[in-house]
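Numbering (our numbering), first residue to last: 141 to 279.
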């Protein structure tokens with residue numbers, strides 16, 4: 141078997157779709173004919189995507205928040221975690237929280253995080269991230 145030629149042929153026959161779509165059989169599919177309903181993805185593939193997503197959000201936040209680089213790792217992780225959940229535009233709606241963080245007022249920022257619709261929606265995640273923001277220590 142010539143795997144490279146087969147892959148090239150399958151790419152032509154199946155097409156490359158970077159967002160999920162319904163195939164001709166009505167199955168959710170992505171990439172080059174990956175049937176998500178019957179096959180799904182492996183843990184290794186999920187971790188690969190997670191790593192790419194973390195890099196993506198980290199880079200986007202660095203561009204949007206000019207003081208992000210000055211935060212310790214634990215607090216940077218809080219903002220990346222929030223952006224992962226909310227999107228960068230969603231994170232940026234936390235104007236008071238971000239202002240407080242920029243002035244190293246972490247206790248107040250943590251309270252602001254918990255005083256949000258987001259905190260009600262995500263529950264324990266918000267409590268853990270607020271504590272991590274308050275203390276600068278991984279939870």
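We treat Cβ as the ideally placed atom computed from N, Cα and C, and that holds for glycine.
**Prompt:** Secondary structure at residue 158, three-state DSSP: helix, strand or coil?
**Reply:** To locate residue 158, count along the chain shown from 1; it is residue 18. DSSP places residue 158 in strand when its eight states are reduced to three.
**Item:** Proximal residues to residue 242 (C-beta, below 7 Å), its chain only, five neighbours per side dropped
**Value:** Counting from 1 along the chain shown, the entry for residue 242 is found at position 102. Here the set comprises 207.
**Asked** At which residues does the beta strand (DSSP E) containing residue 170 begin and terminate?
**Response** Position 30 of the chain shown holds residue 170. It spans 168-171 - the beta strand (DSSP E) in which residue 170 sits, taken as one unbroken run.
**Asked** Which stretch, first to last residue, makes up the alpha helix (DSSP H) that contains residue 199?
**Response** Numbered from 1 along the chain shown, position 59 holds the residue referred to as residue 199. Run containing residue 199: 183-204, per the alpha helix (DSSP H) assignment.
**Request:** Taking residue 179 as the reference, give the member of 168, 188 and 263 with the closest Cα.
**Result:** Start at 1 with the first residue of the chain shown, and residue 179 comes out as number 39. Comparing Cα-Cα distances from residue 179 to each of 168, 188 and 263, the minimum goes to 168.
**Message:** Helix, strand or coil, according to DSSP, for residue 245 in the structure here?
**Reply:** Residue 245 sits at position 105 when you count from the first residue of the chain shown. Residue state, collapsed to three classes: coil.
**Asked** Is there contact between the segment 177-193 and the segment 208-223, where contact requires at least three CB pairs shorter than 8 Å?
**Response** no
**Message:** Alpha carbons only, please: which of 250, 257, 156 and 176 is nearest the one belonging to residue 215?
**Reply:** For the purposes of this step, residue 215 is taken as the residue at position 75 of the chain shown. Cα-wise, what sits closest to residue 215 is 250.
**Message:** Going by C-alpha to C-alpha distance, which of 269, 159, 197 and 182 sits closest to residue 246?
**Reply:** Start at 1 with the first residue of the chain shown, and residue 246 comes out as number 106. Measuring from the Cα of residue 246, the nearest candidate turns out to be 269.
**Prompt:** Can residue 220 and residue 194 be called in contact, C-beta distance under 8 Å?
**Reply:** On the chain shown, position 80 is the one that residue 220 refers to. On the chain shown, position 54 is the one that residue 194 refers to. Cβ atoms of residue 220 and residue 194: closer than 8 Å.
**Prompt:** With DSSP run on the structure shown, which of helix, strand or coil describes residue 236?
**Reply:** Here residue 236 corresponds to residue number 96 of the chain shown, with the count starting at 1. Residue 236: helix per DSSP, three-state reduction.
**Request:** Assuming residue 150 and residue 172 form a contact by the criterion Cβ under 8 Å, report the distance between their Cβ atoms to the nearest whole angstrom.
**Result:** Here residue 150 refers to the residue found at position 10 when the chain shown is read from its first residue. Here residue 172 refers to the residue found at position 32 when the chain shown is read from its first residue. Their Cβ separation, rounded to whole angstroms, is 6 Å, which keeps residue 150 and residue 172 in contact under 8 Å.
**Item:** Cα-Cα separation, residue 271 to residue 203
**Value:** For the purposes of this step, residue 271 is taken as the residue at position 131 of the chain shown. For the purposes of this step, residue 203 is taken as the residue at position 63 of the chain shown. One C-alpha to the other measures close to 25 Å.
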